[in-house]
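Please read the structure below before turning to the comments.
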């Protein structure tokens, strides 16, 4: 009983990542919303309120595009130490950032030199990593089915409004306009995705 009492006073940190693959000819507009949220995240340099608003917008957009959901995966862990949770956030951040075609380009010269017509990708992978305090059963379960994933995305939105989020990162592939993510590349670089 004593060990349980000691644990009650400690803060429970959860770090989790959701990967969602959307496919179809109409998924490209999602990239505009993702890019805008990413630019705002860079501009505010870690302001959790602004990052949270971006996460809400991304989550709501994904919920609206649910007919394009093809596959998903999630992973995470529980920590009783903020330092260990932070290390895991960094590990997932590095992994997401190194994924195929997930490196954005925000240089001005890039926008000026765009060709008039660009190939439109029919595959988009969104990777959302968050750290939060407390317990959220809707995120701490297997999200590889459509209903569970919907509840998980809604739980992310609620975490923002309850001010429980401690870290937010959103990566996506392809991150650059004109890049294409083929089905073969999807299998090669995102092998953990499970069909929904």
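Residue numbers (the working numbering): 61 to 256.
Backbone N, C-alpha and C fix where the C-beta goes; we use that ideal spot for every residue, glycine too.
- For residue 189, the beta-bridge partners assigned by DSSP are 77, 229.
- Between the alpha carbons of residue 85 and residue 144 lies a gap of roughly 41 Å.
- CA-CA distance, residue 108 to residue 88, rounds to 27 Å.
- Residue 130: member of the beta strand (DSSP E) spanning 129-139, first to last residue.
- Checking the DSSP bridge columns, you'll see residue 206 has no partner listed.
- Residue 188 counts as buried, since no fewer than 16 other beta carbons sit within 10 angstroms of its beta carbon.
- Counting other Cβ atoms within 10 Å of its Cβ, residue 81 reaches 16 or more and is therefore classed as buried.
- Counting other Cβ atoms within 10 Å of its Cβ, residue 223 stays below 16 and is therefore classed as exposed.
- Selection 115, 90, 235 evaluated against residue 128 yields 90 as nearest (Cα-Cα).
- DSSP places residue 82 within a strand segment (E or B) once states are collapsed to three.
- If you draw a 10 Å sphere on the C-beta of residue 192, you find 16 or more other C-beta atoms in it, and that means buried.
- Its chain contains 189, 229 as the residues whose beta carbon lies nearer than 7 Å to that of residue 153, once the 5 sequence neighbours on both sides are disregarded; these appear in chain order.
- Here residue 157 is actually not in contact with residue 79; their C-beta atoms are around 13 Å apart, not less than 8 Å.
- Judged by their CB atoms, residue 118 and residue 110 are not nearer to each other than the 8 Å cut-off.
- Taken in chain order, no unbroken stretch of beta strand (DSSP E) lies wholly in the region 97-129 with a span of 3 residues or more.
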